[in-house]
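According to the working numbering, the sequence shown is numbered sequentially starting from 8.
Where is the CB? At the ideal position from N, CA and C, for every residue including glycine.
Keep in mind the model is a prediction, meaning the values are calculated, not measured.
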Amino acid sequence: MYLIRRTYTVKPGEARKAASLISAIGKAYEEAGTRSESRVYFNSGTTPGEKNTVVMEWVDDSLQTPYRSGRTPVEGLEDIGPQLRGMTLDSTIEFWELMTDDKLL
């Protein structure tokens with residue numbers, strides 16, 4: 008079981024809009040059945056921490072390539088992707104293996 012966390016650094020003043028777009032992306036992947044429910048959080052400067060940052064995270068049983076055969080295409084992202092790219096300065100992705108009962112020593 009894995010936690011996948013994608014972090015976006017966005018242009019000043021764009022965190023809330025970017026978070027809205029990223030949330031829509033997560034819902035589209037979930038509706039297509041290719042990803043579990045995701046959680047999106049952001050900081051537009053109203054809380055302590057890194058400003059202009061949006062984070063999306065979700066849990067998956069395994070790490071799989073998005074280019075795998077038999078993967079259901081995700082519809083409805085044609086307009087969202089370009090909008091998000093226009094406000095994104097950088098993005099990173101992290102993969103964390105979750106501790107589960109069967110992995111305990």
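Note that the C-beta distance between residue 83 and residue 25 is not below 7 angstroms. Straight-line measurement puts the Cα of residue 91 at about 22 angstroms from the Cα of residue 56. Residue environment for residue 112: exposed (fewer than 16 other C-beta atoms within 10 angstroms of its C-beta). For residue 91, there is no enclosing beta strand (DSSP E); the residue is part of the alpha helix (DSSP H) that begins and ends at 87-94.
Between the beta-carbon of residue 33 and that of residue 17 there is about 16 angstroms, and that puts the pair past the 8 angstroms contact cut. The three-state secondary structure of residue 68, taken from DSSP, is coil.
In summary, residue 105 is exposed, with fewer than 16 beta-carbon neighbours lying within 10 Å of its beta-carbon over all protein chains present.
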